[in-house]
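Residue numbers (UniProt numbering): 1 to 247.
Positions of the beta carbon are idealized from the N, C-alpha and C atoms, including for glycine.
These numbers come from a predicted model, not from an experiment.
Reading through the structure tokens given below for one structure.
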Amino acid sequence: MTDGVRLQKVLSQAGIASRRVAERMITDGRVEVDGQLVTELGTRVDPDVSVIRVDGTRIVLDDSMVYLALNKPRGVHSTMSDDRGRPCIGDLVEHRVRGKQKQQLFHVGRLDADTEGLILLTNDGELAHRLMHPSYEVPKTYVATVAGAVPRGLGKKLRAGIELDDGPASVDDFAVVDTVPGKTLVRITLHEGRKRIVRRLLAAAGFPVQALVRTDIGAVSLGQQRPGSVRPLGRNEIGELYRAVGL
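Encoded structure:
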């Protein structure tokens, strides 16, 4: 195309690398545009519509896009506003996004008020829709505190599936994290999105949840992020979320 913007300039403006390093990335065969490998330095692209990947990771070119990770504290509701005046996640992101941009945010991975942990917030509607759609099977990991000691066969039972009132449910992975007198910490990974699914699964297995934290959604992890804090997702995290849902 004769119009458009030179590819190395687009990469540089997106913060990927300096223009000189971006040129080397192109000639080294590390850059794709709309699914095609590009090695010509004169290539021009339309940054508004082109899908550009570096080393297989999609690059976000629209600087109006918002991608945030929130560690929702216990007692906070998973809504952007609450007509009853209860604390909600909209209060926690008020300092970071305002006005129209805040109104356009989707929250990915709703949590009940009693559950802590990771919620993603973005105004990228297609990404949010796919992350929430069960057909893409994006894994979510939780750490639950249950009463008493957990028998060795619990993980096998949960992987095989348990019949709930709205159909069978199962986990992808299960592990005991720690045991203390009277309590056990377990880690569960599943791609289910039904309401209170972890609590209902463990209760059905005979181990009601005392405390629950979601630690991961796909490639995004809470890490050491403190409750109530919000951080922007890194470029690689965004790219991995795109990859997980085929964007």
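Under the three-pair Cβ rule at 8 angstroms, the stretch 48 to 58 counts as touching the stretch 19 to 34. For residue 197, there is no enclosing beta strand (DSSP E); the enclosing alpha helix (DSSP H) covers residues 197 to 204. Closest option to residue 33, judged by alpha-carbon separation, among 61, 66, 235, 125: 61. In this structure, the straight-line span from the alpha carbon of residue 88 to that of residue 29 is close to 46 angstroms.
Between residue 120 and residue 80 a beta carbon distance of about 13 angstroms is seen, past the 8 angstroms cut, so the two are scored as non-contacting. For residue 178, the closest of 144, 164, 192, 196 by C-alpha to C-alpha distance is 144.
Within the same chain, Cβ atoms closer than 7 angstroms to the Cβ of residue 8 are found at 19, 22, 23, 26, 41, the five residues on either side in sequence being excluded.
Closest in alpha carbon position to residue 75, among 39, 228, 240, is 228. Cβ neighbours of residue 196 within its own chain (closer than 7 angstroms, five residues either side excluded): 112.
For residue 239, same chain residues with a beta-carbon under 6 angstroms away, outside a window of 5 residues either side, are 57, 58 in chain order.
Membership of residue 146 in the beta strand (DSSP E) is indicated by the continuous run 140 to 147. CA-CA distance, residue 151 to residue 180, rounds to 14 angstroms. Residue 92 has its alpha-carbon roughly 25 angstroms from the corresponding atom of residue 199. Taking every protein chain shown into account, the CB of residue 137 has fewer than 16 other CB atoms within 10 angstroms, so this residue is exposed. Counting along the chain, the unbroken alpha helix (DSSP H) around residue 128 starts and ends at 125 to 132. In the DSSP assignment, residue 237 falls within the unbroken alpha helix (DSSP H) covering 235 to 244.
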